[in-house]
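S.K.:
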Amino acid sequence: MSIKPTTELPPLPEEKRYFTIGEVSELCEVKSHVLRYWESEFPPLRPSKRRGRRYYTRDDVEMVRRIRTLLYEKGFTIPGARGKLLDKTDDTQEVNAYRQVLKETLHCLDDIAADLS
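If you count by our numbering, then the sequence shown holds residues 21 to 137, one letter each, in order.
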């Protein structure tokens, strides 16, 4: 199986709330045994189990896709991907950097508007 970028993965069916491990395997293009292994390595990935069957929510499927991207496309190790999923500081720093750029842009626009008046 070749690995496609996440943007080319099949869309999630809108009407479904729960997915079996086979469906998640197809939707994320990851083998079932890999999904079971990732459950042991990534604590947030915990599908519910009823009568011995796993049922993944939409959030679980999105998490599998994020894990897949980190491991297969971005080259993270499992501990690195686990840390990236659990660490929100990178996202916060990025958001703060964007806010700073926006503030500076607004300040420049205010200066231009004042000069035109």
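Where a beta carbon is used, it is the ideal one built from N, C-alpha and C, also for glycine.
Provide the residue span of the alpha helix (DSSP H) that contains K104, from first to last.
M.R.: Looking at the DSSP string, the run of the alpha helix (DSSP H) that includes K104 is I98 to L106.
S.K.: Check whether the Cβ atoms of E61 and P67 lie closer than 9 Å to each other.
M.R.: No; because the gap between Cβ atoms is not below 9 Å, this pair is not in contact.
S.K.: Decide if L90 is buried, meaning its Cβ has at least 16 other Cβ atoms within 10 Å, or exposed.
M.R.: Classification for L90: buried.
S.K.: Cutting at 6 Å between CB atoms, please list the residues of its own chain near I98, excluding the five before and the five after it.
M.R.: The answer, listed in chain order, is E61.
S.K.: Would you tell me roughly how many angstroms separate the C-alpha atoms of P30 and I41, rounded to the nearest one?
M.R.: Cα to Cα, P30 sits roughly 15 Å from I41.
S.K.: Roughly how many whole angstroms lie between the Cα atoms of L122 and D131?
M.R.: Each residue's alpha carbon lies about 14 Å from the other.
S.K.: Tell me where the alpha helix (DSSP H) around L57 begins and ends.
M.R.: One point to set straight first is that residue 57 is Tyr, not Leu, in the sequence displayed. Element bounds for Y57: S52 to E61.
S.K.: Given that a residue counts as buried once 16 or more other Cβ atoms are within 10 Å of its Cβ, and exposed if not, what is V115?
M.R.: Exposed: under 16 other Cβ atoms inside 10 Å.
S.K.: Buried or exposed, going by whether 16 or more other CB atoms sit within 10 Å of the CB of L47?
M.R.: Buried, since its Cβ has 16 or more Cβ neighbours within 10 Å.
S.K.: Which same chain residues end up closer than 7 Å to A101 when comparing Cβ atoms and leaving out the 5 residues on each side of it in sequence?
M.R.: Cβ neighbours of A101 beyond the five flanking positions: I87, L90 and L91.
S.K.: Relative to the C-alpha of R73, which candidate in L136, Y38, H127 and R119 has its C-alpha closest?
M.R.: The shortest C-alpha separation from R73 is found at Y38.
S.K.: Verify whether the separation of the beta carbon atoms of Y75 and V84 is less than 9 Å.
M.R.: Contact: no.
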